[in-house]
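If you're matching positions, the sequence shown starts at 4 in this note's numbering and goes up one per residue.
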Amino acid sequence: MAHLRFNALQVAQSRQALPVPPPAERIADYFGVYTFTKDIMRTLLSPEAFGRISEAIDTGGRIDRDIADEVANALRSWAVSKGATHYTHWFQPLTGSTAEKHDSFFDIANDGKAIEKFKGSALVQQEPDASSFPSGGLRNTFEARGYTGWDPSSPAFLMDNGAGGKTLCIPSVFISYTGEALDYKTPLLKALAALDKAATAACQYFDRNIDKVMPTLGIEQEYFLVDKALYVARPDLVMAGRTVFGHAPARGQQLEDHYFGTIPPRVNAFMVDFEFEALKLGIPVRTRHNEVAPGQFEVAPTFEEVNLAIDHNALLMDLMEKVAERHSLKVLFHEKPFAGINGSGKHNNWALGTDTGVNLLAPSSKPKETLRFIAFVVNVVKAVHDHADLLRASIASAGNEYRLGANEAPPAIMSIFLGETLTKALEDLENKSEISLNKGDNVYYKLGLNRIPALMRDNTDRNRTSPFAFTGNKFEFRAVGGGANSASTMIVLNTIVANQLIQFRRDMDARLDAGEKKELAVVEVLKQYYREAKRILFEGNGYADEWVAEAERRGLSNIKSTPEALAVYLKPESLALFEKMGVMNHAEVEARYEIELEKYIKNVQIESRVMGDLATNHVVSTALKYMNQLSQTAKSLVDLDMVNEAQPVKGIIRELSGRVVAIKKNVEAMVEARKRANNIGNSAEMARLYATEVKDYFDVIRYEVDKLELLIDDEDWPLVKYREMLFVK
4 MAHLRFNALQ VAQSRQALPV PPPAERIADY FGVYTFTKDI MRTLLSPEAF GRISEAIDTG
64 GRIDRDIADE VANALRSWAV SKGATHYTHW FQPLTGSTAE KHDSFFDIAN DGKAIEKFKG
124 SALVQQEPDA SSFPSGGLRN TFEARGYTGW DPSSPAFLMD NGAGGKTLCI PSVFISYTGE
184 ALDYKTPLLK ALAALDKAAT AACQYFDRNI DKVMPTLGIE QEYFLVDKAL YVARPDLVMA
244 GRTVFGHAPA RGQQLEDHYF GTIPPRVNAF MVDFEFEALK LGIPVRTRHN EVAPGQFEVA
304 PTFEEVNLAI DHNALLMDLM EKVAERHSLK VLFHEKPFAG INGSGKHNNW ALGTDTGVNL
364 LAPSSKPKET LRFIAFVVNV VKAVHDHADL LRASIASAGN EYRLGANEAP PAIMSIFLGE
424 TLTKALEDLE NKSEISLNKG DNVYYKLGLN RIPALMRDNT DRNRTSPFAF TGNKFEFRAV
484 GGGANSASTM IVLNTIVANQ LIQFRRDMDA RLDAGEKKEL AVVEVLKQYY REAKRILFEG
544 NGYADEWVAE AERRGLSNIK STPEALAVYL KPESLALFEK MGVMNHAEVE ARYEIELEKY
604 IKNVQIESRV MGDLATNHVV STALKYMNQL SQTAKSLVDL DMVNEAQPVK GIIRELSGRV
664 VAIKKNVEAM VEARKRANNI GNSAEMARLY ATEVKDYFDV IRYEVDKLEL LIDDEDWPLV
724 KYREMLFVK
């Protein structure tokens, strides 16, 4: 293994940045060229078909099979003209990744001639094997039938196979033979529909011209890059997506010099390459930069409608992995691939847009619009307060356990940051029954440098320690993990806000029916909501120990383990909420709980096995060989009558021996704990045992191994070290 390590280092250090020529001079010339956009549909479809498909996209209208046939024919013509040979229903099963089964356009006619065929029936529906995907008990292994169904609201696109052809990808839902959702998209679409209906109804108190509300989302994606050769030389990265061992390098992120620093050449070439490919697919990527940790980076797109944004993020992650192969790099989306430095999140920037072009979460200087803005902000705060534990459950995973609360990411305590200006406005609302918020005059910094243009200051600072922060015209949910599918969080967030807005309408109508004036009724309802929910507001340092104590005094939950967090899905109030809102029935919620619990168990189980393998077959064996070398050295010194000089060598041998014994003892105990957990028939209890009895050994074993890394000769150490992986050039 030592030879593999040094060979990998030699290969990695010899690589150069690849040239990446642009597809065209201007982005506008190639943006969306691989996407079946409305503009393309307009040119290929009849006016009637285009009108029907547009209605389905905009309002959820039904698409008849005859229209589907025309759309399928247009799709096939367009795709084949671009080099496509196959098509697939592209969907997002509960594995956490995307799925696709490619079928050829090629067919044989009755006369034996080859033809290209794609019917509306194939566009609308396909049948993958449902038994091979997680179902949480909804389906038996022998019950294989399941269906994917075309989602016309997310444009079809072409994926380059990298082998001389392209595949037409049709975004789709995935359901079981008995009709239950087996994917992320189906309940997400239902949650978005529920929020549209509830928010549009709430808007009628302020503006009757609003007929539709569309939640929007911008997903900031953090990730690490590692040279492929170094990645392959680390079995834990290959098997578990994170390093289970590795001593902190002398230089990590303490100099704070990586964040926003100059992007390394190979990394920049990779970024440019995947951005070109993303833009061709209509993914509006705009931002690239170095993140805080060495080897960590970020990409962020323009805001889009939530369903499309999530499809695009899933597609972007897949695209990044494929493009990384061209550059001999590996992308790590794991929430905590390296100990001691920042992990990766997927910051979800969420807002509410209307069909009249208004952002309901944007402040205004007009009194009526200000009242509407405050109403929606307070309802969001109330929704998050009332369902904080459910929102926490939506981000629960084995990977995110390592990241949350690690002095780099929001804690597991759900809290909301509103900023000084908005908080004061809500305090005035509660205490004075008036709203004193306005956008205010622009405030500029005076730098004393005439050559520098005046810099404008926002009226509210940002708080990067808050899991759910208002950032001027949107809420940023920072606690979502880097490897997660944001649909889990968006299902919950949009459902709880929809539910709260329905309650807002009930409370408003009760007051209006009693003869109260509308503006007064709004103020009184919002005052009540604010009083009930303001304990969740926190403006300070969410990383501080003082906040943990303060949150406990306020009665806020601090759910640290994934099994405990996931259990919130099974609470009667959670089951009732999803069913009442038409998002998921009891069976679907319970199935998701079982699937997420099983994922957690398997991930921790894999980490445990990898840790035992590396500790025993790589580290301990290397330590024993090194001890033997030192023993020969000590014996030679004694033979030369250099007894005093032999003492330090013997001391190292004793320390090595003690750490080897500790590793062997704890690995054996971990294996026994794993066996006990595996023999438990109940998945909840099994997950609890993995979270405590098995996982409790991880840090103990790691401590001993990382100490050995400092003791054993660098030439003999078998695993690629942190200092060798983190500084990609």
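Using N, Cα and C, we set each Cβ at its ideal position, and we do this for glycine too.
In chain order, A5, R8, T625, E712 place their CB closer than 8 Å to the CB of W720, counting only its own chain and leaving out the 5 sequence neighbours on each side. In the structure shown, the three-state DSSP call for N76 is helix. Where I111 is concerned, the enclosing beta strand (DSSP E) starts and stops at 109–111.
Here P287 carries a coil assignment [DSSP, helix/strand/coil]. The continuous stretches of alpha helix (DSSP H) do not include L421, and DSSP gives it neither H nor E.
DSSP places Y90 in the uninterrupted beta strand (DSSP E) bounded by 87–93. Only residues of its own chain outside the window of five on either side were considered, and among them F273, D276, F277, E280 have a CB closer than 8 Å to the CB of V326, listed in chain order. Between A59 and F121, the CB-CB gap reaches or exceeds 8 Å. With respect to the C-alpha of Q506, the residue from K385, M493, R79, S491 having the closest C-alpha is K385.
Taken in chain order, the unbroken stretches of beta strand (DSSP E) that lie wholly in the segment 128–183 and span 3 residues or more are 149–153, 160–163, 169–179. W353 carries a strand assignment under DSSP once its states are collapsed to helix, strand and coil.
Per DSSP, F376 is one residue of the alpha helix (DSSP H) stretching across 370–389. Put simply, the backbone Cα of V592 is about 49 Å away from that of Q19.
Each residue's CA atom was taken as its position, placing V127 and D548 some 54 Å apart.
Runs of the alpha helix (DSSP H) spanning 4 or more residues and lying entirely within the segment 32–59 occur at 41–47, in chain order.
Per DSSP, D702 is one residue of the alpha helix (DSSP H) stretching across 699–714. The C-alpha of R269 lies about 14 Å from the C-alpha of M728. When beta bridges are read from the DSSP output, E223 appears opposite H350. The three-state secondary structure of Q207, taken from DSSP, is coil.
In the three-state DSSP reduction, L722 falls in the coil class, being neither helix nor strand. Ranked by Cα distance from A665, the options V697, A680, R705, G684 are led by R705. Restricted to the segment 496–560, not a single beta strand (DSSP E) segment is unbroken, complete and at least 3 residues in length. In this structure, the beta-carbon distance from V670 to P238 does not fall below 8 Å. CA-CA distance, Y405 to R481, rounds to 15 Å.
Using a Cβ distance threshold of 8 Å, L198 and V500 count as a contacting pair. Residue range 575–583 is occupied by the alpha helix (DSSP H) that includes L578. Between the C-alpha atoms of N212 and P414 there is a straight-line separation of about 41 Å. No Cβ-Cβ contact shorter than 8 Å links V571 with Y693. In the displayed model, G99 falls within coil according to three-state DSSP, outside both helix and strand. With a contact defined as Cβ atoms closer than 8 Å, K339 and R245 qualify at about 6 Å. In the structure shown, the three-state DSSP call for F9 is helix. Our two residues, K678 and S611, have alpha carbons roughly 11 Å apart in a direct line. Its chain contains S179, T181, E183, L185, A590, E591, A594 as the residues whose beta carbon lies nearer than 8 Å to that of L141, once the 5 sequence neighbours on both sides are disregarded; these appear in chain order.
Between the C-alpha atoms of E301 and S57 there is a straight-line separation of about 34 Å. Per DSSP, the unbroken beta strand (DSSP E) holding P304 starts and ends at 299–304.
Distance from the CA of L21 to the CA of M323, rounded to the nearest whole angstrom, comes to 15 Å.
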